[in-house]
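A short worksheet on the structure shown next.
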Amino acid sequence: MNKPMIMKVLFISIFLIFTATYAFAQLDTTSYPNERQEIRRLLRSQGPGKQLDCADMIAVGPKGDISFSHEQWIEAQKKEKLIFKGIKPVPNQEYIRIYGGTIAVVNILINVNVVVDGQDLNIKVRRLEVYHKVAGYWCRVAGQGTQVDESLFPIETRRKT
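Numbering (the working numbering), first residue to last: 9 to 169.
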């Protein structure tokens, strides 16, 4: 084979591998309308005492602590003297990605009314949560929240995708 032919075959091979890899890597995360609606309902039903967690849930607290079950997460809240009084999603601030119809990755901004060591606080928290659908029901397998400093990161009311 001459050099131009080798280059041509090499170029075509690389192009085909790149194209196949790119096409394979593109996952449809914006479809699944029924699952998206189920997750939205679940997010709006959150509140104190509402159990959404899988048995093997992992949570990271605001100070970097890690809990490996719902019970450990509740104990960490008690240790920090936290009492959740209310949780309400901020409109147009939820981003849901569904993978294969059984995994949901959610980024949501919530208004949280919490009592910390006897003091009432109203804060905005950006949550990253992962849900898994098991036997027809969604449960949270992971979550982490970060308090939003609106002086540094103002909340836009328009949704960006």
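By construction, the Cβ of each residue, glycine as well, lies at the ideal position given by its N, Cα and C atoms.
- With fewer than 16 other Cβ atoms from the protein chains shown falling within 10 Å of its own Cβ, residue 52 counts as exposed.
- Going by beta carbons, residue 151 and residue 134 fall outside the 9 Å limit.
- When secondary structure is reduced to three states using DSSP, residue 137 falls in the strand class.
- For residue 147, the closest C-alpha among the options 157, 114 and 121 is that of 114.
- By the neighbour-count criterion, in which 16 or more other beta carbons inside 10 Å mark a residue as buried, residue 102 falls on the buried side.
- Between the segment 77–91 and the segment 136–145, the count of C-beta pairs closer than 8 Å stays below three; the two stretches do not touch.
- By the beta-carbon neighbour count (other beta carbons within 10 angstroms, threshold 16), residue 50 is buried.
- By the Cβ-count criterion, residue 143 is exposed, with fewer than 16 other Cβ atoms from all chains shown falling within 10 Å of its own Cβ.
- Within the segment 60–102, the complete beta strand (DSSP E) segments of 3 residues or longer fall at 61–68, listed in chain order.
- DSSP places residue 51 within a helical segment (H, G or I) once states are collapsed to three.
- Per DSSP, residue 143 lies in no beta strand (DSSP E) and is assigned neither H nor E.
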